[in-house]
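Residue 194 in our numbering is what sits at position 158 of the sequence shown, and the numbering runs on without skipping anything.
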Amino acid sequence: MYPDTFEGFAIPSAAEWNRPKRIEFKPKPFGDYDIDVKIIACGVCGSDVHTATGGWGNKNWPLVPGHEIIGHAVKVGPKVTTVKAGDRVGVGAQIFACLDCPTCHEDNETYCKQQLDTYGSVYPDGTLAHGGYSSHIRAHEHFTFPIPEKLQTELAAPMLCAGLTAYSPLVRNGAGPGKKVAVVGLGGIGHFGIMFSKALGAETWAVSRSFRKKADAIALGADGFLETQVAGWNKAHEMTFDMILCTASSDEGFDLAPYLSLLKVHGKFVAVGLPEGAGWQVRPQSLLANGCLIGSSHLGSRKETLDMLELAAARDIKSWVETIPVGEEGCGKALERVHRNDVRYRFTLIDYDKQFS
């Protein structure tokens, strides 16, 4: 039990991805810059499903998922300056970086060669990192974020991965007044993409396979909607967008060429969805008509995380969330429903106090 050990709901193996079991585990040694967080809520991310099923190649079992974590600091290291005991804080999908290389010094710590994911990574001492379907998490202060008072816990949790995954590339690629952005895929990340793009001041369109999500897209703030199952869906909109944020997590039937045709000269297609398998393909000829650029983005920096949370508080941005009580049954149910896309548009696990004394 805490402080020597933590408890959590772990995936025993890929074959049992939807049947988590309660385990006790030992965290990494406590460091001078570490914070122990007693968890009160955790978002359920598509990454949790991809990891639990083995789709992304995880070999470390049993494993506690969860990287959209909110709780209260219960212990702070002697060199911590950003958080005090009792503060409500969040931990996202990154738990460590060296913080001393040129990449880290440029606020690009998410691309540090020594970066570690919040769960599934192995610390230098050999400890396996476990995530937020658990009683506590131990995190470096750089990756522990004060949560603005105005943000509701269960709505703020999904921002720490899905929200940041949308926010960072929007900011880094100039989304704002006078710009036109297309958000491909209306799921957990995509719904944040629409809300944050609008909050940053860009004209924002949703792009989805079917018409059935149009009402949701407009309710989220989208200025327009494109349905890709309609023949010639892209023709009237070619070379009119500055940026495409692609959040799609499936590559089935995904022909990249018509999407790229939407971009202005040197416009950017930024992919943040991570399909399993081979992924989509592109012919060089598809890039010639507008000289468009293809790239990606991984999470975001501490600075961007804090800015995003402040923007959400200032603009009253609210995640679309359904809550589920944490536990073996609740975690399994959430994973199954995410797996079959039965969510609008994010789950947050709650009632931690009923499982962990």
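For every residue, glycine included, the Cβ atom is placed at its ideal position computed from N, Cα and C.
- In chain order, Thr240 and Gly257 place their CB closer than 7 Å to the CB of lysine 234, counting only its own chain and leaving out the 5 sequence neighbours on each side.
- Here lysine 215 has Ala238 and Asp278 as same chain residues with Cβ atoms under 6 Å from its own Cβ, once five neighbours each way along the sequence are excluded.
- Secondary structure at glutamine 130: strand, using DSSP grouped into helix, strand and coil.
- Contact between valine 318 and leucine 292 holds: CB atoms are separated by about 5 Å, below the 8 Å threshold.
- Taking one beta carbon from each stretch, the segment 267-285 and the segment 218-236 have 3 or more pairs nearer than 8 Å; the two touch.
- In the DSSP annotation of this structure, the continuous segment of the beta strand (DSSP E) that includes alanine 77 starts and ends at 70-80.
- Excluding its 5 nearest sequence neighbours in each direction, cysteine 140 has C-beta neighbours in its own chain below 7 Å: Ala133, Cys134 and Cys148, listed in chain order.
- In the three-state reduction of the DSSP assignment, proline 194 falls in the helix class, which pools H, G and I.
- Counting along the chain, no beta strand (DSSP E) covers histidine 178, and no H or E run does either.
- Here alanine 202 is buried. Its C-beta has 16 or more other C-beta atoms within 10 Å.
- With a cutoff of 8 Å on beta-carbon distance, asparagine 209 and valine 306 are scored as near each other.
- Taken through DSSP and simplified to helix, strand or coil, proline 294 comes out as helix.
- In this structure the segment 106-116 touches the segment 177-196; the number of beta carbon pairs closer than 8 Å is three or more.
- Beta-bridge analysis with DSSP links threonine 359 to Thr384.
- For glutamine 151, the number of other beta carbons within 10 angstroms of its own is at least 16, and it is reported as buried.
- Within its own chain, the residues whose Cβ lies closer than 8 Å to the Cβ of arginine 338, once the five positions on either side in sequence are excluded, are Asp143, Glu145, His178, Phe179 and Phe181, listed in chain order.
- Taking a contact to require three or more Cβ pairs closer than 8 Å, the segment 309-329 and the segment 116-130 do not qualify as touching.
- Residue environment analysis places methionine 195 among the buried positions, since at least 16 neighbouring C-beta atoms fall within 10 angstroms of its C-beta.
- With a cutoff of 8 Å on beta-carbon distance, cysteine 78 and threonine 384 are scored as near each other.
- Between isoleucine 173 and the set Asp343, Thr276 and Tyr38, the nearest pair of CA atoms involves Tyr38.
- Secondary structure note for methionine 231: its alpha helix (DSSP H) is the uninterrupted segment 224-235.
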